[in-house]
Each structure stands twice: as structure tokens, then as C-alpha cells.
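So the protein lines, in turn, are chains A and B.
All residue numbers for the first sequence refer to this note's numbering, where the first residue is 66 and numbers rise by one.
All residue numbers for the second sequence refer to this note's numbering, where the first residue is 513 and numbers rise by one.
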Amino acid sequence: MGISLKEMTKKPEILTGGHRLCVGCGAPIAVRQVLMGAPDGVQLVVANPTGCLEVSTSIYPYTSWNCSYIHCAFENAASTLSGVEAAYQSLKRQGKIKDDYRFVVFGGDGGTYDIGFQALSGALERGHRMVYVCYNNEAYMNTGIQRSGATGLGTWTTTSPHGEKSFGKNQNRKDLTAIAAAHNIPYVAQASISHWRDLVKKAQKAFAVDGPAFINVLAPCHRGWRYPMEQTVEVAKLAVQTCSWPLYEVENGKWNITVKVRDKKPVEEYLKIQGRFAHLFKEEKHGDVLRLIQENVDREWEKLRSLSGEQE
Amino acid sequence: MVVSNNEINKTVAIVGTDAIAEAMRQIDPDVVAAYPITPQTAIVETFAQMVADGQVNTNYVPVESEHSAMSAAIGAAAAGARVMTATSSQGLALMWELLYIASGLRLPIVMPNVNRALSAPINIHCDHSDSMGARDTGWIQLFSENAQEAYDNTIQAMRIAEHSDVLLPVMILLDGFIISHAIDRMELLDDATVRKFVGTYKPEDSLLNASQPVTYGAFDGLYGYYFEFKRQQEEAMRNSIKVIREVGQEYGAISGRPYDLFESVGLDDAEFVIIALGSAAGTVRSEVECLRESGMPIGMIKLRVFRPFPAQELVAALAGKKAVAVLDRSDTFAANMGGPVFIELRSALYEVEKKPLLVNYVYGLGGRDLSVELVNKAANELAGIAQSGQVKQRVNYLGLRE
Chain A
66 MGISLKEMTK KPEILTGGHR LCVGCGAPIA VRQVLMGAPD GVQLVVANPT GCLEVSTSIY
126 PYTSWNCSYI HCAFENAAST LSGVEAAYQS LKRQGKIKDD YRFVVFGGDG GTYDIGFQAL
186 SGALERGHRM VYVCYNNEAY MNTGIQRSGA TGLGTWTTTS PHGEKSFGKN QNRKDLTAIA
246 AAHNIPYVAQ ASISHWRDLV KKAQKAFAVD GPAFINVLAP CHRGWRYPME QTVEVAKLAV
306 QTCSWPLYEV ENGKWNITVK VRDKKPVEEY LKIQGRFAHL FKEEKHGDVL RLIQENVDRE
366 WEKLRSLSGE QE
Chain B
513 MVVSNNEINK TVAIVGTDAI AEAMRQIDPD VVAAYPITPQ TAIVETFAQM VADGQVNTNY
573 VPVESEHSAM SAAIGAAAAG ARVMTATSSQ GLALMWELLY IASGLRLPIV MPNVNRALSA
633 PINIHCDHSD SMGARDTGWI QLFSENAQEA YDNTIQAMRI AEHSDVLLPV MILLDGFIIS
693 HAIDRMELLD DATVRKFVGT YKPEDSLLNA SQPVTYGAFD GLYGYYFEFK RQQEEAMRNS
753 IKVIREVGQE YGAISGRPYD LFESVGLDDA EFVIIALGSA AGTVRSEVEC LRESGMPIGM
813 IKLRVFRPFP AQELVAALAG KKAVAVLDRS DTFAANMGGP VFIELRSALY EVEKKPLLVN
873 YVYGLGGRDL SVELVNKAAN ELAGIAQSGQ VKQRVNYLGL RE
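In C-alpha cells:
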């Protein structure tokens, strides 16, 4: 597995230019990197739940997708694509179609962690051969930056605002990558748009397995995270370097950290460049929250190292 | 249990859920995605066994909810497969947003719904509140009086749904327990006849046509074709009336059981008429025939097709009648407007100059039995209305403990 830049330049662009996503959006970077990992010579069907990617790439009567595409509703991309995959298996077995297909969902964190969680879990449990990719920007960005289950502690969003009685979101995010791994499916990975070689390789592995695969890709949103739009990749990189978003995979039950972090940076370096955490630095009373966030990162990182057999 | 055989029809005694499962086996859909719910459960259990025994080519997707059942059905239909599912009550309610998407994407999904009351209070028995709640979702709705009709409707539904002038999903309604769990004498067609009748499905567009990739569910946010799409859906529903009748005639030719939009008893000479749908039609017919023998000028209409609503045809059939009683197995909670069938019929008759007096009987909610005595009570009240020319109470509750 793996791909060189030279090889990547020869791959067809499945998501074409001309879509209406924001300049500096992390989502199309995630999509293009994942699709670089699709095998040659297969047809694709892409499904989106409702979200930024969907409304920006499928505006009737146009499309940005050089492949078949379906959007059904918000909470059911996994079950909708289950049906497409089930139809494929049935028609293929009956000899009614000949081409080889792969199936991939690109869903935001709202459509994946929250409202689409049940459909995702059901599809993973049933074992459909599909790659589910969460382009994770840690809030409901399409509707204007509302908190989700992927939003971290202390984060400002429009539904977890800070104020006299609030320091932002009062809860930790859920660990969806680990939850997906608990389904005992062949391949699960956590990735970031800042580490393209790592992500493309993970996508190749995800497309190769004969069963469900799940990839959780950090894809920052400058509108919601409040940083200059040209810094999307740098922000994502800092999430990895601080171990706030570690990169790993769970391949047939075996945990493996794919991007080693030797000198873990303090999480404040990642938080302070984002307006969504600015309140934590302005007011002294929020100092405890910053400490708590660092403690969370340290604990989760050690847990991951332990699972990956990297702890002495 | 086989009672007797002839070349095409085999007489059997089976429960309604098995009749549906038999129809599904004979149709042999490419994909079935379903979730169990009382009283639909036996349909998916029996069908799962048929899959396990290799009697069908179907890929059976045992989803984790009815929401996912309809979502997977939509995905599979968009992928060019012939698709079925089945549900009841809360399951249909959970599918609600997707019912609109199935019809809006013009996907010919066929779904038996075993009618059961909607919570609360939770109740597993029959009424029509589930499917009546879905009456404006853009699905064709065919009601069945017994297991035979549920079976016949299921086979016809495939042809209606997939007709190029229609391309709409179809719901087959059968009364929970009364039809689904009671053993009924009925006739099954042989496999070859059903397969020939339903034919091969050739979708115009499919996600799995490599030479022509397609988009299903495009976003209509900026250029605004939504209105035109919806108008086309309404046009398809209008077209379906002709198609439903043609398919019903053609089905009659192979089975000896022709179907129309509704059927009637004694309309030629009746002065007043009872309208019912579902299993209640059997009770009503029995009592109406008794009363006619005793000289009462009463008739009945059994409504088979509720969506599309055959307004023009009903108005024509009721021309010259003095009074009509509509039986509704669900309520609308619209404050004394009556049940859905009553509201539709009343609306259909608005422009008619010399229209019959109308009275509504809401009955049977949550499985409350509709006895012959209750039908007799309604029939006598209807006779009184026809005679006096006065409706004292427009909406009545038949069999309610008051």
C-alpha cells in the first residue's frame, strides 16, 4: 500500500472543481485524498448525508461528482448506501450487472456522530462492503456552527456559547473511532487532511477490505473554528502534533499508531490559534478548563499508546 | 394447507401474513429490507425462511430500524433493483420523512403495511391511523378486505408502481390481526403466472449503470425546480387511476378476480349507501345484503383505492342517492370534521348540485370490534336520515363506550 505524488497526479478527479464549498474548507481535501485511495478500474457510488458537502456539490441541475451519487436524508447515509450495496450484491449475483463497484459515504460529524449514529452502527454490524468516511469539523457547520457529539470540551459554538455561567461546551466529545472499532469490523482509522500520505494509505486499505471500513478524518472549518482561511492544513497538523487528534488505525482488531509523535506539543498551541477557544485564554477563571483539556489529551494519548503496544 | 388445485389457482387456507410472504416469494424482488414489528412480523419471518431455503434470489437486509428499512429500500431502488419492504404502525410512522423521499425520487417500492393503531396509548390492534397518517406522502394506497385481496393487491402493486406513467411507491393495506393473523380460504396463482404478470423490471436510470452515472437526491436549493417536481408527482398520481384500472382488468384475466377502484353492492336501486374500506367491508356487505332482502333500499361501496382518491368515479356512483354513511377506522382530530375518508368524500361532492346527505361513523379504533349489530344501527340511522332529509349529528362514534 502507498502512493507517490507522481501516481496521484494521474488519478482521475472524482470530485471536480466548481463546487460551492468555502475557500479553505477541509471537507473537499478529505474527499479528494480518500478518493486517491480508490482502486483503479472500479466504479464508485458516493453517498452524502445532508450537510455542507452535499449542498455544495449536488446543486440541481449540476453535479461536482464524476460518479453515481445519492443523497437521501440527514441521518441515513449508511443505511441508504447499505441498500445500494445490497442491490449491487443481488444484481451482480444474478448476472444482471458486470462492472465492479465500491461504495463510499462522506458524512459530516453531525450526520455521523449524532443523528446518523444508529444507521452507521447498523450498517457496520451487518457487514456491508462500504467505506464510511466522516469529514469531521467538530460541529454542525452547515446550519451555522452548532455543537455536536464531536465538539470538544470548552469549545464555543452557537449552541454551546460561553458566558457568565458557561465556558463553552461543558462535555467531552465521544470517541467515535473507538466506537467504530468496537464493531469488530476489518478496518478503522483516524486520519487528518494534514497528513495526506497517511490518509491515502488508509483509504487504500479501507477500499481493499471485503467488508465495512470507517475512517474519521479531521477536516477543519475556518468559519466555525475561527482562524484565517489559509491555515486549514496547519491547524489540522497542530491537532496531530499536540496529540489532540492522534493518527492511528485498527486493522483486524490490531491497534497501530501510524504517525508517531515524539515531542508532544502543549495543547494550548493548538487551541490559542482558534477563535472558538479564545474565551479560555481571555479569562483567568477558565484556566481550569485548559488544564482539563490537556489532561484529557494526555490520558487518551496514553490509552492509545497502551492499546497500540507502545507503552513501556 | 392445500384444499384443491387447478391449473392456475391453488386453493389454500393460510393467514394473511403468509399470503403476503407468498406474493413476495413469487415476485422474487432483488432486495427486501425490513424490520420486524407486530403484527407485520410473520411476513418478514416467513420471507427470511424463504431466503434461507434458497427459494428466492432476494438479498434480504435485516436492518436495525424501519427508518433504515425505508432508507435501504430507497438506496436499492435507486440502484435499479426491484425492492420490497413491509411494516406496521409505529414502524410506518418512523419511516415518515422517507415516505416522501421514496415518492419524490419516483422509486417504485412496494410495501405491505399491516394496519395497526398508533400510540399512545400503545395498542397492537387494528385501525387505520398509521396508513391514513401517510395519506399525503405521495404513495398509492390499496386497501384489502381479506387475505385474498392482500395477495392480489401485492402482485398488482408491482405493475402499478413500475408503470412508466406512474413510477410511484405503492402501499398495500391489510387489517392487523383481522386479516394478518386469521386463517382465510384463498387462491394462490402459480409461480410462472405471477412471474409473467409482474415481468422483468427495467429501470430507466440506475446508480449502477456504469455508462451513465446518475445523481439521486440532488439539492434544489438555488434554482428552484421543487415546485415543478411536485407537480409532476401529482400528475403521476392522476395517471395512476387509469393504470390501476388497466392492471386490475389484466389481473382479472389471469386470475378470474378483476379489480377496480372500488366495488359496490346494490347501487342500481339503492336510495342510501354505506362506504367502508378494509376488513369491515365484509361485515358491512353481509348486513347490507340481509337488509336488502328485508326490503331496505340500501347499498354499499367498498373503497379499494384511497390514494389516488377516485373522486370523480365516486361522485358518479353516488349520483341520485339520498344519503351516504362513511365508515372511518381512524380520526383526524380536526374538531368534528370526521375521519379522512369522510373528509375526502365530502370535499369531492362539493360542486355536485344535488348531493346526498352525508354522515360519518368513526369505528374500530385500537381494534374495537365492528359487529353486525353496530352496522345495523348505522344502517337504520342512515335510513332515517334518507327519510327525514336531516342529519342530526354529522360525526358519530360507533361502538364507543359512552
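Backbone N, C-alpha and C fix where the C-beta goes; we use that ideal spot for every residue, glycine too.
Model, not experiment: these values are computed from the prediction.
* **4-residue-minimum alpha helix (DSSP H) runs that sit fully inside the segment 618-702 of chain B, ordered along the chain** => 641-645, 659-674
* Quick one: which unbroken beta strand (DSSP E) runs of 3-plus residues sit fully inside the segment 771-824 of chain B? Chain order, please. => 774-777, 784-788, 810-815, 817-819
* Asked: Under 7 Å between the Cβ atoms of B:Ile621 and B:Pro551?
  -> Contact flag unset, no.
* What is the residue span of the beta strand (DSSP E) that A:Trp320 lies within? -> 319-322
* **Rounded separation between B:Ala792 and B:Leu882 - CA only** => 7 Å
* Within 10 angstroms of its Cβ, does B:Asp664 collect 16 or more other Cβ (buried), or is it exposed? -> The residue is buried, with at least 16 neighbouring Cβ atoms inside 10 Å.
* To do: For A:His180, I'd like the list of residues in its chain whose CB is within less than 7 Å of its CB, leaving aside the five on either flank, ordered along the chain.
  => According to the sequence displayed, residue 180 of chain A carries Ile and not His. The residues are Phe139, Glu140.
* Asked: Using the beta-carbon count (16 or more within 10 Å), is A:Arg356 buried or exposed?
  -> exposed
* To do: Taking the CB atoms as reference points, tell me whether B:Gly729 and A:Leu146 lie closer together than 7 Å.
  => no
* To do: Output yes or no for whether 7 Å exceeds the beta carbon distance between B:Val887 and B:Glu799.
  => yes
* Using three-state DSSP, classify B:Phe845 as helix, strand or coil. => coil
* Could you spell out the range, first to last residue, of the alpha helix (DSSP H) harbouring A:Asp363? => Per DSSP, A:Asp363 is one residue of the alpha helix (DSSP H) stretching across 352-372.
* For B:Val527, which of helix, strand or coil comes out of DSSP? -> strand
* Report yes or no: do three or more beta-carbon pairs, one from the segment 735-744 of chain B and one from the segment 556-575 of chain B, lie closer than 8 Å? => The answer is no - the segment 556-575 of chain B does not touch the segment 735-744 of chain B, with fewer than three Cβ pairs under 8 Å.
* To do: Report the option in B:Ala629, B:Ala891, B:Pro715 whose CA atom is closest to the CA atom of B:Ile690.
  => B:Ala629
* Which chain A residues sit within Cβ distance under 7 Å of B:Tyr873? -> Under the 7 Å cutoff, chain A gives no residues; its nearest Cβ is about 38 Å from B:Tyr873.
* Asked: Should A:Asn281 be flagged as near chain B, meaning a C-beta pair shorter than 7 Å?
  -> So no, A:Asn281 is outside the interface.
* Neighbourhood of A:Gly289 by C-beta, 8 Å cutoff - its chain only, sequence neighbours within 5 removed -> Asn202, Glu203, Ala204, Met206, Ile210, Thr222, Arg341
* Asked: Can we say the segment 239-254 of chain A touches the segment 187-202 of chain A, given the rule of at least three CB pairs closer than 8 Å?
  -> Contact between the segment 239-254 of chain A and the segment 187-202 of chain A is present, because at least three Cβ pairs lie under 8 Å.
* Under the three-state reduction of DSSP, which class applies to B:Asn751: helix, strand or coil? -> helix
* Asked: If you draw a straight line from the alpha carbon of B:Ser752 to that of B:Tyr572, how long is it in whole angstroms?
  -> 29 Å
* Among residues of its own chain, excluding the 5 on either side of B:Glu865, which ones have a beta-carbon nearer than 8 Å to its beta-carbon? -> none
* To do: Would you be able to state if there are at least three C-beta pairs under 8 Å between the segment 852-869 of chain B and the segment 833-841 of chain B?
  => yes
* Asked: In this structure, does DSSP put A:His248 in helix, strand or coil?
  -> coil
* **Identity of the residues DSSP links to B:Phe731 by a beta bridge** => Residue pairing for B:Phe731: DSSP places it in a beta bridge opposite A:Ile124.
* Asked: Got a sec? Which residues, its chain only, sit under 8 Å from B:Asp696 by beta carbon, not counting five neighbours each side?
  -> Ala525, Ile526, Val527, Gly528, Ala531, Asn658, Ala659, Gln660
* **First and last residue of the uninterrupted beta strand (DSSP E) at A:Leu172** => First, the amino acid is wrong: residue 172 of chain A is Gly here, not Leu. Where A:Gly172 is concerned, the enclosing beta strand (DSSP E) stretches over 166-173.
* Asked: Going by the beta-carbon positions, is the gap between A:Val305 and A:Ser257 smaller than 7 Å?
  -> yes
* Among A:Thr81, A:Arg238, A:Glu375, A:Val88, which residue has its Cα nearest to the Cα of A:Val298? -> A:Val88
* To do: Could you confirm whether any beta carbon from chain A is found closer than 7 Å to the beta carbon of B:Glu609?
  => yes
* Any beta-carbon of chain B closer than 7 Å to the one on A:Tyr178? -> no
* Pull up the CB-CB distance for B:Arg804 and B:Gly764, whole angstroms please, since I reckon it's below 8 Å. => The Cβ separation is near 25 Å, so there is no contact.
* Per DSSP, which residues does A:Ile280 bridge with? Please list them. => Bridge partners of A:Ile280: A:Val198, A:Ala254.
* In chain order, what residues of the segment 135-148 of chain A put their CB closer than 7 Å to some CB of chain B? -> Listed by position along the chain: Ile135, His136, Cys137, Ala138, Asn141, Ser144, Thr145, Leu146, Ser147, Gly148.
* Asked: Using 8 Å as the Cβ pair cut-off and three pairs as the minimum, do the segment 211-230 of chain A and the segment 272-279 of chain A touch?
  -> no
* Asked: Going along the chain, which residues of the segment 102-113 of chain A sit with their C-beta nearer than 7 Å to a C-beta in chain B?
  -> Gln108, Val110
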